[in-house]
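In the working numbering, the protein residues as written are 40 to 479.
Beneath this line is the structure, given in structure tokens, with notes to follow.
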């Protein structure tokens, strides 16, 4: 139970010694009264008196640091009365001695940050924790994004960029891409195939026949009466058969188109001629004006907002459904959605970063320097904060708590001070008594 008392209230060795000195003094008074002529009784009284006075004096001195002994107010209770000065001194000591700049920088410079960071990042549990935290933050951010406004902003930027492209540059770049990629030849063949499909239809033959008949009729009417008679005579004798002529024209047209589809000199020559004519066409102001109008029309009519918003929605759904723990347990060939692809990229980047920290000396040096400067700056900023925390903590202590805190940290020393008072007092008393007797 005695150990539960406050340090200043506990009975200790110094108290026992002082009590013994008092008892010895009383005993010495009795011996002196009984043996008034005895030098030993006189000396014993002198020594015990000095020990008692020394013990009481040191008890008074130690007690006066923390409270008023017997209510004596003159220069006592030093710590409570000097509380603000003590707290300021303690705060200054914590800031300037325990956490001085030199001490902080020395401690920080002795720490190897990169091995600690690398070991932490290589731990599978830490890797999963960090990537899950990043994924959680990303999901939270994606959910907070206004997809409609974002889609409009992106679409407007695309439109502005597209409309601001110089038409001549667009034509040249498009033509160069078609030529370099071989797409122009694919378009040429595709057009020939389309023409062949149209030419092979029965309707084409009928249209050719109608054109021939119309042409013949127009030519006959413009030739006068004789031309009408001759045309009617030729038709009666079956010398002019428009249906057969249209059939022959269709056959020849299909033959021509088939030859254009085959890899032949004729096809190559025709293709080069078309390419040259198109190149001449693209240099005309009319074609440039057409391209500019197409730019404006495409920019205004293409559903860019809807496409972007739909893409963002799908991206959001797949990212929100992504789970890093499940991704690690599922075979890679089963992860075929966008969320899994994103996590795979994230995991690869994470592994590359860890490997870079291990092998690239330049990266390690740069990162080490950055962390050192960051930690040093943080420590310097924390230095006054630590002092403020210590000051606030000390200010919250009551007088008794502060007394017991200080006394408790140096209790053995305070006890020895009091013990030394009795011991030294008795020794000095013995020396003085001896000197007096020798002189007398």
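Each residue gets a CB set at the ideal place from its N, CA and C atoms; glycine is no exception.
Is DSSP giving residue 114 helix, strand or coil here? Assignment of residue 114 by DSSP, reduced to helix, strand and coil, places it in the coil class.
Taking the C-alpha atoms as reference points, what is the distance between residue 459 and residue 59? Taking the straight line from one Cα to the other gives about 14 Å.
To the nearest angstrom, how far is it from the Cα of residue 181 to the Cα of residue 360? Our two residues, residue 181 and residue 360, have alpha carbons roughly 12 Å apart in a direct line.
Residue 361 by DSSP, collapsed to three states: which one? If DSSP states are grouped into helix, strand and coil, residue 361 belongs with coil.
8 Å Cβ cutoff met for residue 53 and residue 457: Contact flag set, yes.
Out of 439, 448 and 423, which one is the CA nearest neighbour of residue 127? Per the Cα distances, 423.
Considering only C-alpha positions, which residue in the set 177, 310, 419 and 316 is nearest to residue 355? Out of 177, 310, 419 and 316, 177 has the C-alpha closest to the C-alpha of residue 355.
Just checking my contact of residue 469 with residue 129 at CB under 8 Å: how many whole Å lie between their CB atoms? About 41 Å; that fails the 8 Å criterion.
Between 111, 90 and 146, which lies nearest to residue 99 when the distance is taken from Cα to Cα? Check the Cα spacing between residue 99 and each of 111, 90 and 146: the tightest is with 111.
Nearest CA to the CA of residue 450: which residue from 79, 61 and 105? A check of alpha carbon separations from residue 450 across 79, 61 and 105 identifies 105 as the nearest.
Distance, Cα to Cα, residue 152 vs residue 396? Approximately 11 Å between the Cα atoms of the pair.
Rounding to the nearest angstrom, what Cα-Cα distance links residue 40 and residue 427 in this structure? Reliability of the predicted coordinates at residue 40 is poor, the pLDDT of 43 falling under 50, and the value obtained from them is presented with this limitation in mind. One C-alpha to the other measures close to 36 Å.
Is any heavy atom of the ligand ADP found at a distance shorter than 7 Å from the C-beta of residue 199? This structure does not include the ligand ADP; it has no bound ligands of any sort.
Can you tell me whether DSSP reads residue 275 as helix, strand or coil? Here residue 275 scores only 49 on pLDDT, less than 50, and its place in the model is too uncertain to base an answer on.
Going by the beta-carbon positions, is the gap between residue 190 and residue 347 smaller than 8 Å? Going by C-beta atoms, residue 190 is nearer than 8 Å to residue 347.
Which residues in the same chain have their Cβ closer than 8 Å to the Cβ of residue 202, if we skip the five residues on either side of it in sequence? Shown here for residue 202: same chain residues with a beta carbon closer than 8 Å to its own, the five before and five after excluded, namely 334, 335 and 338 in chain order.
Could you tell me how far apart the beta carbons of residue 245 and residue 293 are, in whole angstroms, since I believe they sit closer than 8 Å? In this structure residue 245 does not touch residue 293 by the C-beta definition: roughly 15 Å separates them, more than the 8 Å allowed.
For residue 86, is the classification buried or exposed, using 16 other Cβ atoms within 10 angstroms of its Cβ as the cut-off for buried? Its Cβ being crowded by 16 or more others within 10 Å, residue 86 is buried.
When you compare each of 314, 446 and 430 to residue 226 by their alpha carbons, which one comes out closest? Per the Cα distances, 314.
Between the CA atoms of residue 341 and residue 303 - distance to the nearest angstrom: Going from the Cα of residue 303 to the Cα of residue 341 covers about 40 Å.
Could you give the distance in angstroms between the alpha-carbon of residue 403 and the alpha-carbon of residue 414? If you draw a straight line from the Cα of residue 403 to the Cα of residue 414, it is about 16 Å long.
Taking 8 Å as the threshold (C-beta atoms), are residue 464 and residue 68 in contact? Contact: no.
Since residue 321 and residue 229 are thought to touch, with beta carbons under 8 Å apart, how far apart are those beta carbons, to the nearest angstrom? About 20 Å separates the beta carbon of residue 321 from that of residue 229, a gap too long to meet the 8 Å contact definition.
Measuring alpha carbon to alpha carbon, tell me which residue in 345, 235 and 344 is nearest residue 301. Comparing Cα-Cα distances from residue 301 to each of 345, 235 and 344, the minimum goes to 235.
Nearest-angstrom beta carbon gap, residue 88 and residue 64 [assumed within contact, 8 Å]: The C-beta distance from residue 64 to residue 88 rounds to 6 Å, short enough to meet the 8 Å contact threshold.
Just confirm the distance between the C-beta atoms of residue 243 and residue 291, as a whole number of angstroms; I'd bet it's less than 8 Å. Not a contact, Cβ separation roughly 12 Å.
Contact check, residue 118 vs residue 441 under 8 Å by CB: the rounded distance? Rounded, the Cβ-Cβ distance is 7 Å, consistent with contact.
Work out the CA separation of residue 70 and residue 83 for me, nearest whole Å. Between residue 83 and residue 70, the C-alpha separation is close to 9 Å.
Looking at the unbroken alpha helix (DSSP H) that takes in residue 133, where does it start and where does it end? Boundaries for residue 133: no alpha helix (DSSP H) harbours it, and the DSSP string shows neither H nor E there.
Confirm, please, whether the CB-CB distance from residue 248 to residue 218 is below 8 Å. No, these two residues do not count as a Cβ contact at 8 Å.
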